[in-house]
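*Asks:* Structure below; questions to follow.
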């Protein structure tokens with residue numbers, strides 16, 4: 114049974130250029146507007162790099178058939194029709210390494226989607242409000258803002274270059290009109306404020322419209338400046354810089370449910386910060402051995418519990434999860450719970466340690482479950498059961514026999530992320546060949562989809578893919594040997610409430626939507 | 020002997036990765052280097068274990084001769100070290116016996132490193148005795164076989180050649196901090212210590228068919244009690260080993276499950292016992308090489 118997934122349109126948000134603004138990070142909302150004051154944007158647009166404003170939606174598609182059985186709701190792609198807007202017939206042929214997307218994150222309402230890339234840039238997308246006249250074309254995501262978050266740095270004490278790659282972005286819960294997000298590279302975490310300005314004062318007494326000081330002799334009367342509407346501008350400004358707290362590479366940040374603190378985790382330590390205080394942090398977990406030669410495991414990911422502000426979980430390279438309670442002690446080296454699955458000795462190999470290393474851990478929205486991803490599997494753990502996971506999902510077990518080659522080409526070290534859907538009933542994770550997989554926990558069904566330009570034409574249906582491992586081979590199956598291991602989907606995100614997913618495939622961002630609710 | 024080739028290949032690849040990580044942008048990635056070093060260690064164990072398996076089949080006489088010479092010349096110097104070696108090997112075995120304690124791994128790792136540190140101390144005492152050249156491995160001491168000694172040195176030099184060259188240090192601290200693993204000094208002194216209590220078993224260990232005798236003999240040497248079930252488990256493993264015929268390293272290693280040290284497995288109490296059994300015997304022969312080559316330290320250097 115083949116379910117059908119329909120795509121509406123495709124957003125390809127290719128990396129935006131190094132938009133070095135002269136001052137304070139102002140960006141015209143419609144950055145692709147021809148004739149704007151950002152000539153370099155135009156230049157980049159000529160290479161098809163810019164995301165354009167959405168094309169007017171075409172004729173409404175026929176209502177989705179709701180009679181066909183489906184495992185998951187059909188997924189549709191929503192965005193602008195990039196192909197009709199790009200200025201170059203064959204763009205996207207090449208990209209620089211700086212364009213590779215390194216993190217994707219929805220904010221708490223799902224209205225905003227932030228992506229970070231290896232070049233240290235952050236691009237924020239905003240969902241267009243739903244159009245009443247077009248009930249089938251729900252809000253599309255368009256570029257809202259883009260800014261340079263981190264720059265390459267050099268640690269002259271260690272003679273090491275610090276990469277500007279954005280490792281993680283986390284949104285703060287919105288408390289006023291502005292949006293705040295934390296972005297981190299290997300060493301420094303920054304708090305950014307994203308605010309809109311749609312009014313400007315006019316009628317100054319001492320300055321004229323262009324800002325020049327008026328000749329005082331021409332001033333005959335006083336006027337009160339008034340706020341006049343203007344083109345919407347999105348301003349992004351750095352509010353805090355949390356630096357010099359990590360010796361090792363920061364791999365995770367997580368905002369606490371108290372909305373006041375957050376943690377940052379590197380390979381061996383986890384620090385607790387207050388969002389308002391940048392010159393100090395508390396170390397709450399330290400697994401560094403006295404003698405570094407005794408090192409056996411590192412921290413790979415960490416997250417706060419979504420509801421309990423005292424609980425945090427961190428995963429290790431050994432495949433274990435540790436739940437820590439900050440009420441127990443100031444230093445949470447001693448875990449409250451240890452989640453570990455006994456290793457299957459029959460699967461032992463040279464690379465058992467590598468493939469058991471947990472690359473991502475996510476609490477469920479309910480806070481009851483944990484989702485972890487190691488190289489070949491995704492596991493759902495119940496917080497109340499430590500000795501084994503609740504569910505194990507094989508993401509790409511056909512790679513088990515190819516571990517040696519994957520070790521040689523370094524693919525075995527790829528860190529895949531995982532995601533829950535809003536209701537914690539479906540989990541999603543990426544794989545190779547631009548495939549990503551979804552597993553329905555209730556029906557135990559799963560699907561493999563591909564995020565690619567060819568298979569995601571506007572209003573096209575996302576077709577389920579299959580990897581065959583020998584034996585019966587169906588049409589359109591991909592054999593394991595023809596998988597493209599350079600096309601990997603490491604970063605995925607799921608809208609907090611709706612069935613909208615964001616998939617980062619190297620330098621491209623795909624946003625798919627389930628239209629059928 | 021495709022296993023040896025495969026393991027060697029993996030070792031070369033791992034060393035290459037560690038070397039390249041030093042020039043990668045963003046500095047050395049601790050996590051990746053840790054994983055690579057674990058793979059390297061596993062491959063090395065398999066490689067040397069397999070190697071010594073072939074060596075031990077011959078040269079029983081040479082072994083005895085080496086033992087005699089070795090014992091006489093090194094007995095005095097090794098007396099202080101011998102007491103250390105026993106707890107070390109026990110520490111390793113104990114680690115395997117303990118159940119599911121995450122600290123086990125740290126302990127066993129610590130045990131290994133205690134060895135290296137102790138070897139370093141030994142080194143100070145025997146600085147004049149041991150030659151610090153990489154090529155000269157005191158092969159009579161390290162392996163009971165005299166005839167394959169040159170092969171042994173070839174093995175180590177092959178490994179060494181993959182290393183980033185660095186001056187062989189006499190100080191364990193320096194040894195661990197040099198960007199290379201050619202630490203034959205440490206390795207030799209370790210092997211000496213380990214050899215003293217367990218020398219009679221080094222050769223027989225390698226023989227898969229001789230596991231029974233090896234285990235029985237080694238029982239009194241260890242302070243912990245090994246159950247007979249472990250021996251039977253080893254038998255099964257060894258039998259499987261001989262039956263299998265594959266060039267795929269991953270499946271190979273499942274066969275060699277027992278070759279993994281207690282570091283890697285702490286889930287099953289019985290299983291790690293058998294593994295520790297074998298691994299100890301493996302480590303006897305391998306540790307000299309293991310200490311020679313501690314690529315993990317290369318990654319630690321930056322930190």
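Protein chains in written order, with my numbering: chain A, 114 to 630; chain B, 20 to 322.
By construction, the Cβ of each residue, glycine as well, lies at the ideal position given by its N, Cα and C atoms.
So, is the C-beta of residue 299 (chain A) closer than 8 Å to a C-beta in chain B?
*Replies:* By one-based count along the first chain, residue 299 (chain A) stands at place 186. Chain B, which has a Cβ nearer than 8 Å to the Cβ of residue 299 (chain A), makes this yes.
*Asks:* Please state whether the Cβ-Cβ distance between residue 54 (chain B) and residue 526 (chain A) is less than 8 Å.
*Replies:* Stepping through the second chain from its first residue, residue 54 (chain B) is reached at position 35. Stepping through the first chain from its first residue, residue 526 (chain A) is reached at position 413. Yes; because the gap between Cβ atoms is below 8 Å, this pair is in contact.
*Asks:* Using DSSP with H/G/I as helix, E/B as strand and the rest coil, what is residue 221 (chain A)?
*Replies:* For the purposes of this step, residue 221 (chain A) is identified with residue 108 of the first chain, where counting begins at 1. Three-state DSSP puts residue 221 (chain A) in coil, outside helix and strand.
*Asks:* Check distances from the C-beta atoms of the region 37 to 48 of chain B to those of chain A and list, in chain order, the residues that come in under 7 Å.
*Replies:* Residues passing the 7 Å Cβ filter: 44, 45, 46 and 48.
*Asks:* Taking the alpha helix (DSSP H) that residue 291 (chain A) falls in, what are its first and last residues?
*Replies:* On the first chain, position 178 is the one that residue 291 (chain A) refers to. Where residue 291 (chain A) is concerned, there is no enclosing alpha helix (DSSP H), given that its DSSP letter is neither H nor E.
*Asks:* May I have the straight-line CA-CA distance separating residue 71 (chain B) from residue 542 (chain A), to the nearest angstrom?
*Replies:* On the second chain, position 52 is the one that residue 71 (chain B) refers to. On the first chain, position 429 is the one that residue 542 (chain A) refers to. Approximately 44 Å, taken between the alpha carbons.
*Asks:* Taking residue 25 (chain B) as part of the alpha helix (DSSP H), name the residues at either end of that continuous run.
*Replies:* Here residue 25 (chain B) corresponds to residue number 6 of the second chain, with the count starting at 1. Segment 21 to 40, the alpha helix (DSSP H) holding residue 25 (chain B).
*Asks:* Using the Cβ count rule (16 or more neighbours within 10 Å means buried), how would you classify residue 21 (chain B)?
*Replies:* Looking up residue 21 (chain B) in the second chain gives position 2. Exposed, since its Cβ has fewer than 16 Cβ neighbours within 10 Å.
*Asks:* From residue 298 (chain A) to residue 67 (chain B), what does the alpha carbon distance come to, in whole angstroms?
*Replies:* For the purposes of this step, residue 298 (chain A) is taken as the residue at position 185 of the first chain. For the purposes of this step, residue 67 (chain B) is taken as the residue at position 48 of the second chain. In a straight line, the C-alpha of residue 298 (chain A) is about 41 Å away from that of residue 67 (chain B).
*Asks:* Within the continuous alpha helix (DSSP H) that includes residue 390 (chain A), where are the two ends?
*Replies:* The residue labelled residue 390 (chain A) in the question sits at position 277 within the first chain. No alpha helix (DSSP H) holds residue 390 (chain A); DSSP gives it neither H nor E.
*Asks:* Residues in the region 272 to 301 of chain A with C-beta within 8 Å of chain B's C-beta atoms, listed in sequence order?
*Replies:* Residues 273, 274, 275, 276, 278 and 299.
*Asks:* To the nearest angstrom, how far is it from the Cα of residue 330 (chain A) to the Cα of residue 313 (chain A)?
*Replies:* By one-based count along the first chain, residue 330 (chain A) stands at place 217. By one-based count along the first chain, residue 313 (chain A) stands at place 200. Cα to Cα, residue 330 (chain A) sits roughly 26 Å from residue 313 (chain A).
*Asks:* Report yes or no: is there a C-beta of chain A within less than 8 Å of the C-beta of residue 51 (chain B)?
*Replies:* Here residue 51 (chain B) corresponds to residue number 32 of the second chain, with the count starting at 1. So, interface residue.
*Asks:* Under a three-way DSSP split, which group does residue 227 (chain A) fall into?
*Replies:* Your numbering for residue 227 (chain A) matches position 114 in the first chain. Reduced to three states, the DSSP call for residue 227 (chain A) is strand.
*Asks:* Give me the Cα-Cα distance between residue 255 (chain A) and residue 237 (chain A), rounded to the nearest whole angstrom.
*Replies:* For the purposes of this step, residue 255 (chain A) is identified with residue 142 of the first chain, where counting begins at 1. For the purposes of this step, residue 237 (chain A) is identified with residue 124 of the first chain, where counting begins at 1. Distance between the alpha carbons of residue 255 (chain A) and residue 237 (chain A) is about 8 Å.
*Asks:* Can you tell me whether residue 239 (chain A) is buried or exposed? The criterion is at least 16 other CB atoms within 10 Å of its CB, across all chains shown.
*Replies:* Locating residue 239 (chain A) in the first chain gives position 126, counting from the first residue. Buried, by the Cβ-count rule.
*Asks:* According to DSSP, which residues form a beta bridge with residue 256 (chain A)?
*Replies:* On the first chain, position 143 is the one that residue 256 (chain A) refers to. DSSP lists A:238 as partners of residue 256 (chain A).
*Asks:* Considering Cα atoms alone, identify which of A:583, A:565, A:534 and A:558 is closest to residue 627 (chain A).
*Replies:* On the first chain, residue 627 (chain A) is found 514 positions in, with the first residue counted as 1. Minimum Cα distance to residue 627 (chain A) is reached at A:534.
*Asks:* According to the Cβ coordinates, are residue 423 (chain A) and residue 440 (chain A) closer than 8 Å?
*Replies:* Taking the first chain and counting its residues from 1, one reaches residue 423 (chain A) at position 310. Taking the first chain and counting its residues from 1, one reaches residue 440 (chain A) at position 327. Yes, they are a contact pair.
*Asks:* Using 8 Å for Cβ pairs, my map puts residue 283 (chain A) next to residue 367 (chain A). What's the rounded Cβ distance?
*Replies:* Working through the first chain from its first residue, we reach residue 283 (chain A) at position 170. Working through the first chain from its first residue, we reach residue 367 (chain A) at position 254. Correct: roughly 7 Å between the Cβ atoms.
*Asks:* For residue 326 (chain A), is the classification buried or exposed, using 16 other Cβ atoms within 10 angstroms of its Cβ as the cut-off for buried?
*Replies:* Looking up residue 326 (chain A) in the first chain gives position 213. Exposed.
*Asks:* Taking the alpha carbon of residue 592 (chain A) as the point to measure from, which residue in A:599, A:600, A:582 and A:528 has its own alpha carbon closest?
*Replies:* For the purposes of this step, residue 592 (chain A) is taken as the residue at position 479 of the first chain. Comparing Cα positions, the closest option is A:582.
*Asks:* Using 8 Å as the Cβ pair cut-off and three pairs as the minimum, do the region 463 to 480 of chain A and the region 425 to 434 of chain A touch?
*Replies:* Yes, the region 463 to 480 of chain A touches the region 425 to 434 of chain A.
*Asks:* Determine the burial state of residue 590 (chain A): buried for a count of at least 16 other Cβ atoms within 10 Å of its Cβ, exposed for fewer.
*Replies:* Here residue 590 (chain A) corresponds to residue number 477 of the first chain, with the count starting at 1. Exposed is the call here.
*Asks:* If we count the other Cβ atoms within 10 Å of its Cβ and call it buried at 16 or more, is residue 614 (chain A) buried or exposed?
*Replies:* Against the first chain, residue 614 (chain A) aligns to sequence position 501. Answer is buried; the Cβ neighbour count reaches 16.
*Asks:* CB-CB under 8 Å to residue 343 (chain A), same chain, minus the five flanking residues each way: which ones, in chain order?
*Replies:* For the purposes of this step, residue 343 (chain A) is taken as residue 230 along the first chain, with counting starting at 1. So the list reads 310, 311, 312 and 313, once near-sequence residues are dropped.
*Asks:* Starting from residue 437 (chain A) and walking both ways along the beta strand (DSSP E), at which residues does that stretch end?
*Replies:* Taking the first chain and counting its residues from 1, the one referred to as residue 437 (chain A) is at position 324. 434 to 438 is the span of the beta strand (DSSP E), which, as asked, contains residue 437 (chain A).
*Asks:* Are residue 276 (chain A) and residue 45 (chain B) closer than 8 Å when you measure CB to CB?
*Replies:* Position 163 of the first chain, counting from 1, holds the residue named residue 276 (chain A). Position 26 of the second chain, counting from 1, holds the residue named residue 45 (chain B). Yes, these two residues count as a Cβ contact at 8 Å.
*Asks:* What residues from the region 59 to 75 of chain B come within 9 Å of chain A, judged by C-beta to C-beta, listed N to C?
*Replies:* So the list reads 61, 62 and 65, given in the order they occur along the chain.
*Asks:* According to DSSP, residue 539 (chain A) sits in a beta bridge with which residue or residues?
*Replies:* Along the first chain, one-based indexing puts residue 539 (chain A) at 426. BP columns for residue 539 (chain A) point to A:553.
*Asks:* Establish whether the CB of residue 337 (chain A) and some CB of chain B are separated by less than 8 Å.
*Replies:* Numbered from 1 along the first chain, position 224 holds the residue referred to as residue 337 (chain A). Not closer than 8 Å to any Cβ of chain B, the Cβ of residue 337 (chain A) fails to qualify, so no.
*Asks:* Please tell me whether residue 34 (chain B) has its Cβ less than 8 Å away from any Cβ of chain A.
*Replies:* On the second chain, residue 34 (chain B) is found 15 positions in, with the first residue counted as 1. Closer than 8 Å: no.
*Asks:* Kindly indicate which three-state DSSP category residue 52 (chain B) falls into: helix, strand or coil?
*Replies:* Indexing the second chain from 1 puts residue 52 (chain B) at position 33. Note: residue 52 (chain B) maps to helix in three-state DSSP.
*Asks:* Apply the 10 Å Cβ neighbour rule to residue 131 (chain B) and answer buried if 16 or more other Cβ atoms are within range, or exposed otherwise.
*Replies:* Here residue 131 (chain B) is taken as the residue at index 112 of the second chain, counted from 1. Annotation note: pLDDT 41 at residue 131 (chain B) (below 50); position unreliable, coordinate value reported separately. Flag for residue 131 (chain B) reads buried.
*Asks:* Less than 6 Å between C-beta atoms, sequence neighbours within five positions excluded: which residues of the same chain meet that for residue 618 (chain A)?
*Replies:* Within the first chain, residue 618 (chain A) is the residue found at index 505, counting from 1. Cβ neighbours of residue 618 (chain A) beyond the five flanking positions: 547, 564 and 602.
*Asks:* Kindly list, in the order they appear in chain B, the residues whose Cβ is closer than 7 Å to that of residue 521 (chain A).
*Replies:* As a first step, residue 521 (chain A) must be located in the first chain, where it is residue number 408. Correct list: 32.
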